[in-house]
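**Student:** For what it's worth, the numbering used here labels the leading residue of the sequence shown as 124, then goes sequentially.
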Amino acid sequence: MAGYNELVKNFDKLRDYMREFFIYGYKTRDDYDKKSARSYDDARRRIASFLNDYVDSSQDKNGKRVSITVSTSNIASNPFYAAYGCKSFTDNDINLHFLLLAILDGKSMTADEIADYISLEFQLLFDVQTIRKKLKEYAQEGIFTFVKEGRTIKYTLNQEKLSDILPDAKAEDFLAFFSEVAPFGEIGHYLQEENNLANEHFCFKHHYLAKVLDDTVLLKIMQAIEERKCIQFDNYSERLDESRCFIAFPMKIFSSVQNGRRYALMVGTDCRAYSCFRLDYIKSVTILDPFSKKTAETEISVLNKKLKAAWGTCIKRLSHLDKVEMEIFVDEEKEHYILERLEKEGRNGVVEKVRDNHFKYTTTTYDAGEMLPWIKSFTGRIISVRSQNPRIEEVFASDTQRMYELYLKEDV
Numbered sequence: 124m125a126g127y128n129e130l131v132k133n134f135d136k137l138r139d140y141m142r143e144f145f146i147y148g149y150k151t152r153d154d155y156d157k158k159s160a161r162s163y164d165d166a167r168r169r170i171a172s173f174l175n176d177y178v179d180s181s182q183d184k185n186g187k188r189v190s191i192t193v194s195t196s197n198i199a200s201n202p203f204y205a206a207y208g209c210k211s212f213t214d215n216d217i218n219l220h221f222l223l224l225a226i227l228d229g230k231s232m233t234a235d236e237i238a239d240y241i242s243l244e245f246q247l248l249f250d251v252q253t254i255r256k257k258l259k260e261y262a263q264e265g266i267f268t269f270v271k272e273g274r275t276i277k278y279t280l281n282q283e284k285l286s287d288i289l290p291d292a293k294a295e296d297f298l299a300f301f302s303e304v305a306p307f308g309e310i311g312h313y314l315q316e317e318n319n320l321a322n323e324h325f326c327f328k329h330h331y332l333a334k335v336l337d338d339t340v341l342l343k344i345m346q347a348i349e350e351r352k353c354i355q356f357d358n359y360s361e362r363l364d365e366s367r368c369f370i371a372f373p374m375k376i377f378s379s380v381q382n383g384r385r386y387a388l389m390v391g392t393d394c395r396a397y398s399c400f401r402l403d404y405i406k407s408v409t410i411l412d413p414f415s416k417k418t419a420e421t422e423i424s425v426l427n428k429k430l431k432a433a434w435g436t437c438i439k440r441l442s443h444l445d446k447v448e449m450e451i452f453v454d455e456e457k458e459h460y461i462l463e464r465l466e467k468e469g470r471n472g473v474v475e476k477v478r479d480n481h482f483k484y485t486t487t488t489y490d491a492g493e494m495l496p497w498i499k500s501f502t503g504r505i506i507s508v509r510s511q512n513p514r515i516e517e518v519f520a521s522d523t524q525r526m527y528e529l530y531l532k533e534d535v
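Dropping the structure here:
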């Protein structure tokens, strides 16, 4: 029986545990009944090994609870990047990696020449095809450059440095911001570590740390979008508490600034309907054959037009738009910032002045229900809310009445 290994082959399992320890820190070992006790213990130990400063545990009558506790005001860099450093590798993988870096530093050689050199100098045997595959992979990553000489290809180590791309005076701040904000920020994080740079100027109030755990999924989906290919993936449904396999054509990635969640908008292979999938629920992504080029371009063109009427992630392929009107009271002399907020956050809506201190916001969208949280943020100023979807008015009136009863109704 294989023993415990700190390195992991299946990142999806570790990703699930890290997210649950971070978001659901109240669970005990017995709550993970869908996974074996050994799987739980191995994941807990692995996470503790690279997130030791952030792993807490508490004991009560129900058992031991493990959680990941991070205060964004006290960190200079996202600690979850450490998870990507625990991927398992074979002895041959790591040997060949460092051998290639050393041999091709300042030299230009073919795969056959490298195989002979390793055999003579280090008494190690590597298949030429293995070396050729690794060289090609590293050339695609930009680690090596190559030139063709007739039918042969010679590789050499890319000597480009960070200072060749970014001036020294700007690299530190650029990488500090990029690594914490941008998708695939781990690239910036690794460049910081390699060049002994650190984040000394940026601090984030709303920092969605766990989204970096989805970057492996995001990378494959982005690749499929760029290459106009379909993907096959497993998607977990929290409502049904089960995973299902889907095949679809991905077209757009959405990122919420309110909760940090990211979504992939896709269309089925029959092009009948759009679906939005949360990246943190997607597993086991496999890139399939290219979608029909003509169909792909048509679908993307149609989607880009529909995005103009989208409020959130609900975009319907065949559906009429709901018109929404909200009238509010704004003190024009003292509360101009409210009007600025309407203009700034109202997306595709239009703001009109009805009369002094009385304004109307109008928009059309696929699902007016997505707007309700934003509309409610103006509570206390709202004069009326109207929609072609009667359910929206009912929900708004019901929620407002309930809030009144909770906070303002006098005790009898």
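The beta carbon of each residue, even a glycine, is placed where N, CA and C say it ideally should be.
If you draw a straight line from the C-alpha of Lys530 to the C-alpha of Leu495, how long is it?
**Tutor:** In the sequence on display, residue 530 carries Tyr and not Lys. Rounded to whole angstroms, Tyr530 to Leu495 spans 20 Å at the Cα level.
**Student:** Quick check on Glu129: does DSSP put it in helix, strand or coil?
**Tutor:** coil
**Student:** Measure the beta-carbon distance from Lys352 to Phe414 and round it to whole angstroms, keeping in mind my assumption that it falls under 8 Å.
**Tutor:** Taking 8 Å as the upper bound for CB-CB distance, Lys352 and Phe414 are in contact here, some 6 Å apart.
**Student:** The beta strand (DSSP E) with His312 in it runs from where to where?
**Tutor:** His312 -> not in any beta strand (DSSP E); alpha helix (DSSP H) instead, spanning 309 to 317.
**Student:** Taking just the CA atoms, how far does Lys132 sit from Val408?
**Tutor:** 15 Å
**Student:** Using a Cβ-Cβ cutoff of less than 7 Å, which residues in the same chain neighbour Leu314 once the five nearest sequence positions on both sides are dropped?
**Tutor:** Leu285, Leu298
**Student:** To the nearest angstrom, report how far apart Val453 and Asp154 are at their CA atoms.
**Tutor:** 50 Å
**Student:** Assign Tyr163 to one of three DSSP states: helix, strand, or coil.
**Tutor:** helix
**Student:** Would you mind sorting Leu363 into buried or exposed? The rule is 16 or more other CB atoms within 10 Å of its CB.
**Tutor:** exposed
**Student:** Determine the burial state of His443: buried for a count of at least 16 other Cβ atoms within 10 Å of its Cβ, exposed for fewer.
**Tutor:** Per the 10 Å Cβ criterion, exposed.
**Student:** Grab me the residues of Lys406's own chain with a C-beta within less than 6 Å of its C-beta, minus the 5 sequence neighbours each way, in chain order.
**Tutor:** Asp135, Asp357
**Student:** How many Å lie between Ala387 and Asn218 at the Cα?
**Tutor:** Between the alpha carbons of Ala387 and Asn218 lies a gap of roughly 38 Å.
**Student:** Candidates Glu244, Asp239, Glu264: which alpha carbon is nearest Gln252's?
**Tutor:** Asp239
**Student:** Tell me whether the region 427 to 447 and the region 484 to 499 touch, counting them as touching only if at least three CB pairs, one residue from each stretch, are closer than 8 Å.
**Tutor:** yes
**Student:** Between the C-alpha atoms of Leu130 and Ala171, what's the straight-line distance to the nearest angstrom?
**Tutor:** 12 Å
**Student:** Quick one: grab the DSSP three-state call for Val251.
**Tutor:** helix
**Student:** List, from N- to C-terminal side, the alpha helix (DSSP H) runs of 4 residues or more that fit wholly inside the region 133 to 192.
**Tutor:** Qualifying alpha helix (DSSP H) stretches, in chain order: 134 to 146, 160 to 173.
**Student:** Would the beta-carbon of Glu516 fall within 8 Å of that of Val508?
**Tutor:** Against a cut-off of 8 Å, the Cβ pair of Val508 and Glu516 comes out as a contact.
**Student:** Among the candidates Met374, Ile376, Lys375, Tyr359, whose CA atom is the shortest distance from the CA of Cys368?
**Tutor:** Tyr359
**Student:** When you compare the CB positions of Leu174 and Pro202, do they come within less than 8 Å of one another, or not?
**Tutor:** Going by C-beta atoms, Leu174 is nearer than 8 Å to Pro202.
**Student:** Alpha carbons only, please: which of Met374, Gly383, Glu236 is nearest the one belonging to Ser424?
**Tutor:** Ranking Met374, Gly383, Glu236 by Cα distance to Ser424 puts Met374 first.
**Student:** Mark Ala396 as exposed unless 16 or more other C-beta atoms lie within 10 angstroms of its C-beta, in which case mark it buried.
**Tutor:** Classification for Ala396: exposed.
**Student:** Excluding the five sequence neighbours on either side, which residues of its own chain have a C-beta within less than 7 Å of the C-beta of Gly265, listed in chain order?
**Tutor:** Asn281
**Student:** Would you please state the rounded distance, in angstroms, between the beta carbons of Thr275 and Ser231? I believe it to be under 8 Å.
**Tutor:** Their Cβ separation, rounded to whole angstroms, is 11 Å, which puts Thr275 and Ser231 out of contact at 8 Å.
**Student:** Tell me which residues share the same chain as Val477 and place their Cβ nearer than 8 Å to its Cβ, disregarding the 5 neighbours each side in the sequence.
**Tutor:** Result list for Val477: Glu450, Lys483, in chain order.
**Student:** Give me the DSSP bridge partner(s) of Lys271.
**Tutor:** Ile276
**Student:** Check whether the Cβ atoms of Met389 and Phe372 sit closer than 8 Å, and answer yes or no.
**Tutor:** yes
**Student:** Is Met124 helix, strand or coil by DSSP?
**Tutor:** Residue placement at Met124 cannot be trusted, given a pLDDT of 43 that sits under 50; the coordinates are not used to answer.
**Student:** Beta strand (DSSP E) containing Tyr397: first to last residue?
**Tutor:** 397 to 401
**Student:** Starting from Tyr484, trace the beta strand (DSSP E) in both directions and tell me its first and last residue.
**Tutor:** Tyr484 -> beta strand (DSSP E) spans 481 to 488.
**Student:** Determine the direct distance from the alpha carbon of Met141 to that of Lys439, and round the result to whole angstroms.
**Tutor:** 34 Å
**Student:** Whole angstroms is fine: what's the gap from Ile342's alpha carbon to Val335's?
**Tutor:** The question names Ile, yet the displayed sequence has Leu at residue 342. So the two alpha carbons sit approximately 11 Å from each other.
**Student:** So what does DSSP say about Thr409, is it helix, strand or coil?
**Tutor:** Three-state DSSP puts Thr409 in a strand.
**Student:** Of the residues Glu295, Asp338, Phe325, Gly186, which one's Cα is nearest the Cα of Pro306?
**Tutor:** Answer by Cα proximity: Asp338.
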